Amino acid sequence: KDTLDTIKEKEHKIGAFITLSEEEIVKKAQGLDRKLQKGTSLGNLEGALYSIKDNIMMKNQRCTCASNMLKNFIAPYDGECTLGLNEAGAVSLGKTNMDEFAMGSSTEHSAFKVTRNPRDYKRVAGGSSGGSAAAVAAGFGHFSLGSDTGGSVRQPAAFCGVLGMKPTYGLVSRLGLVSFAPSMDQIGILANNSRDIARVLEEIQGPDFSKDYTLVRKKPVSYDQELQAFTKDRESRKEKPLKGITIGIPKEFFEISMEKEVEKALDSAMEAFKSQGAKLISLSIPHFGYGLSAYHVLSMVEAVSNLARFDGVGYGNRASNCENIEDVIEKSRGQGFGEEVKRRLILGNYILSKEKQSLVRAKKVQKLLQEDFQQGFQQADFLFTPTTHTTAFKLGKKSKSPLDMQRLDELTVPVSLTGLPAISVPCQEPGNLPVGGQLIGNYFDETVLLKGALGLE
Ligand code: GLN
Numbered sequence: 035k036d037t038l039d040t041i042k043e044k045e046h047k048i049g050a051f052i053t054l055s056e057e058e059i060v061k062k063a064q065g066l067d068r069k070l071q072k073g074t075s076l077g078n079l080e081g082a083l084y085s086i087k088d089n090i091m092m093k094n095q096r097c098t099c100a101s102n103m104l105k106n107f108i109a110p111y112d113g114e115c116t117l118g119l120n121e122a123g124a125v126s127l128g129k130t131n132m133d134e135f136a137m138g139s140s141t142e143h144s145a146f147k148v149t150r151n152p153r154d155y156k157r158v159a160g161g162s163s164g165g166s167a168a169a170v171a172a173g174f175g176h177f178s179l180g181s182d183t184g185g186s187v188r189q190p191a192a193f194c195g196v197l198g199m200k201p202t203y204g205l206v207s208r209l210g211l212v213s214f215a216p217s218m219d220q221i222g223i224l225a226n227n228s229r230d231i232a233r234v235l236e237e238i239q240g241p242d243f244s245k246d247y248t249l250v251r252k253k254p255v256s257y258d259q260e261l262q263a264f265t266k267d268r269e270s271r272k273e274k275p276l277k278g279i280t281i282g283i284p285k286e287f288f289e290i291s292m293e294k295e296v297e298k299a300l301d302s303a304m305e306a307f308k309s310q311g312a313k314l315i316s317l318s319i320p321h322f323g324y325g326l327s328a329y330h331v332l333s334m335v336e337a338v339s340n341l342a343r344f345d346g347v348g349y350g351n352r353a354s355n356c357e358n359i360e361d362v363i364e365k366s367r368g369q370g371f372g373e374e375v376k377r378r379l380i381l382g383n384y385i386l387s388k389e390k391q392s393l394v395r396a397k398k399v400q401k402l403l404q405e406d407f408q409q410g411f412q413q414a415d416f417l418f419t420p421t422t423h424t425t426a427f428k429l430g431k432k433s434k435s436p437l438d439m440q441r442l443d444e445l446t447v448p449v450s451l452t453g454l455p456a457i458s459v460p461c462q463e464p465g466n467l468p469v470g471g472q473l474i475g476n477y478f479d480e481t482v483l484l485k486g487a488l489g490l491e
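35 is the number of the first residue of the sequence shown in full-length UniProt numbering; add one for each residue after it.
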């Protein structure tokens with residue numbers, strides 16, 4: 035009831051949701067009440083409230099991807115990640131707003147509405163999982179699921195002052211997530227503290243390899259237990275919490291022009307790490323500067339094949355008064371897709387037909403970045419960088435300039451290209467706009483990121 039009251043009070047100013055499932059929440063709450071009375075054993079996330087980005091399916095609910103193309107599309111099955119959450123007893127509040135088909139960095143490219151930043155309504159929430167980040171920041175539930183292809187969980191988390199984790203590529207099933215660029219798409223978690231991220235990750239990792247062949251076969255990890263054991267162990271030995279951990283500071287990530295506020299926040303986060311016993315070393319990711327171009331080439335090209343299914347025949351919007359099949363496809367796509375999606379599809383098609391060499395070069399960059407990071411992890415347990423070079427900007431300030439918008443991804447895409455895990459953690463000075471620090475770990479070492487994140491809480 036408290037959460038519903040908070041939503042009623044603030045949602046009309048924020049616009050975090052596309053679909054709100056009020057009845058469902060009340061029904062689930064009553065179910066939980068009955069369980070408590072009967073003394074039935076409870077799930078790991080029993081009663082935890084969450085929201086979910088509107089490009090992840092929940093059976094029999096609308097799944098729009100914030101697009102007119104899918105405005106009336108009802109999901110025929112559940113996303114694999116939601117099954118784990120349901121089993122653990124978590125309750126979904128509804129589906130959150132986003133940039134159309136997850137293309138964007140401000141949630142201003144939704145076909146339905148703009149999401150505003152709960153810390154300052156005149157500013158963007160970031161994107162593309164802006165609705166999810168805003169929901170968590172506004173107190174609409176305990177956590178939210180988003181998708182991160184080039185930074186879409188980490189960047190809005192940074193703008194809204196919450197934590198946002200993109201797990202290792204292959205840790206969480208993508209079944210039920212509408213593809214944008216599937217070689218980089220990952221479902222991620224937004225929450226208010228690292229322990230909540232650990233608990234949710236535990237429930238959504240794996241497990242069904244038959245339905246997503248890019249999942250990596252491995253034993254499930256008890257992230258929460260590991261995190262708690264770590265804290266207890268240090269406490270009992272009276273050691274500084276991050277003693278023995280080496281943090282790499284990749285210099286290229288700090289050489290770009292950055293807002294003063296971001297710089298200051300990052301400096302104090304590094305001081306905080308040191309005071310907790312961590313050792314900081316400088317290192318280099320030499321191919322950092324090529325990441326942004328490589329990301330946009332690869333993501334636009336993959337989007338071309340993945341959005342080809344929206345043709346007015348199989349899914350979504352079908353235009354009326356058409357003469358023949360070409361006409362159906364042309365008009366349905368013309369009416370269904372927004373400007374940003376069309377821009378990317380046109381560029382992606384251009385690359386595929388006239389600029390194939392840039393695709394080859396982008397693949398090379400991907401490999402070189404992987405090698406750079408592996409070098410880094412020989413010296414450090416995790417790397418620390420800013421999540422974005424700026425704090426949340428005013429609504430409308432960048433929406434007309436795709437290039438300004440793209441720059442927002444500069445610090446997050448190297449991780450996406452390499453499939454590494456990363457988490458954005460709030461580290462602003464008190465009273466200022468939120469700033470995110472990005473912790474980058476080696477493959478499947480989510481635990482070290484959670485330990486590091488704990489250090490900034
Ligand atoms: N902002 C990036 C883009 O527009 C990343 C999007 C994402 O991660 N889904 O492509």
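By construction, the Cβ of each residue, glycine as well, lies at the ideal position given by its N, Cα and C atoms. From a predicted model like this one, the values you see are computed outputs, not experimental measurements.
{"Item": "Helix, strand or coil at Ile283 [DSSP, three-state]", "Value": "strand"}
{"Item": "Length of the line joining the Cα atoms of Gly173 and Thr37", "Value": "7 Å"}
{"Item": "Coil, strand or helix - Tyr247 by DSSP", "Value": "coil"}
{"Item": "Whole-Å CB distance - Thr40 paired with Gly128, under 8 Å assumed", "Value": "Contact doesn't hold; Cβ gap of about 14 Å is too wide."}
{"Item": "Given Tyr349 as reference, the closest of Val60, Thr98, Thr74 once Cα atoms are compared", "Value": "Thr98"}
{"Item": "Bridge-paired residues (DSSP) for Ser316", "Value": "Ile283"}
{"Item": "Classification of His330 by the beta-carbon crowding that lies within 10 angstroms, buried from 16 upward", "Value": "buried"}
{"Item": "Rounded C-alpha distance that separates Met199 from Glu389", "Value": "34 Å"}
{"Item": "Buried versus exposed, by CB contacts within 10 Å (16 or more), Leu261", "Value": "buried"}
{"Item": "Which of helix, strand or coil DSSP assigns to Ala124", "Value": "coil"}
{"Item": "Inter-stretch contact (C-beta, 8 Å, three-pair minimum) for the region 363–373 and the region 427–434", "Value": "no"}
{"Item": "Check: Thr130 C-beta below 7 Å from any heavy atom of the ligand GLN", "Value": "no"}
{"Item": "Interface flag, Asp438 vs chain D, CB-CB below 8 Å", "Value": "Absent here is chain D; the protein component of the structure consists of one chain."}
{"Item": "Inter-residue spacing [alpha-carbon to alpha-carbon] between Leu66 and Gly175", "Value": "16 Å"}
{"Item": "Val459 vs Gly471 beta-carbon contact at 8 Å", "Value": "yes"}
{"Item": "Boundaries (first-last residue) of the alpha helix (DSSP H) holding Arg96", "Value": "Taken as a continuous stretch (DSSP letters only), Arg96 belongs to no alpha helix (DSSP H), as it is neither H nor E."}
{"Item": "Boundaries of the beta strand (DSSP E) in which Gln220 is found, first to last residue", "Value": "220–225"}
{"Item": "Rounded straight-line distance, which links the Cα of Asn358 to that of Ala342", "Value": "18 Å"}
{"Item": "Inter-stretch contact at 8 Å, needing at least 3 Cβ pairs: the region 314–321 / the region 401–410", "Value": "yes"}
{"Item": "Alpha carbon of Gly283 to alpha carbon of Val212, nearest angstrom", "Value": "The identity of residue 283 in the sequence shown is Ile, whereas the question assumes Gly. Answer to the nearest angstrom: the Cα atoms are 35 Å apart."}
{"Item": "Proximity test, Met92 beta-carbon vs the ligand GLN heavy atom, cut-off 7 Å", "Value": "no"}
{"Item": "Tyr329, DSSP secondary structure in three states", "Value": "helix"}
{"Item": "Alpha carbon of Ala426 to alpha carbon of Ser140, nearest angstrom", "Value": "9 Å"}
{"Item": "Three or more C-beta pairs below 8 Å linking the region 434–449 and the region 410–425", "Value": "yes"}
{"Item": "Outcome for residue 496 when other beta-carbon atoms lying within 10 angstroms are tallied against a minimum of 16", "Value": "Within the shown structure, residues of the chain are numbered from 35 to 491, placing residue 496 beyond reach of any answer."}
{"Item": "Supposed close pair Ala396, Ala328 - CB separation, criterion 8 Å", "Value": "4 Å"}
{"Item": "Asn383 in three-state terms, based on DSSP", "Value": "helix"}
{"Item": "Integer-rounded CB distance, given that Phe264 should sit under 8 Å from Arg251", "Value": "At roughly 26 Å, the Cβ-Cβ gap does not stay under 8 Å, so Arg251 and Phe264 are not in contact."}
{"Item": "Thr248 versus Thr74 - alpha carbon distance", "Value": "37 Å"}
{"Item": "Close beta carbons around Gly311, own chain, < 8 Å, minus the five adjacent residues each side", "Value": "Glu273, Lys274, Pro275, Leu276, Lys277, Gly278, Ile279"}
{"Item": "Cβ shell of Val449 (< 6 Å), same chain only, five flanking positions each side left out", "Value": "Ala456, Ile474"}
{"Item": "Ranges of the alpha helix (DSSP H) found wholly within the region 179–212, counting only runs of at least 4", "Value": "188–194"}
{"Item": "Cβ pair Phe162, Ala136 closer than 8 Å", "Value": "According to the sequence displayed, residue 162 carries Ser and not Phe. Against a cut-off of 8 Å, the Cβ pair of Ala136 and Ser162 comes out as a contact."}
{"Item": "Which of helix, strand or coil DSSP assigns to Leu417", "Value": "strand"}
{"Item": "Whole-Å CB distance - Glu134 paired with Val158, under 8 Å assumed", "Value": "So it is not a contact: roughly 15 Å between Cβ atoms."}
{"Item": "For Asp154, three-class secondary structure by DSSP", "Value": "strand"}
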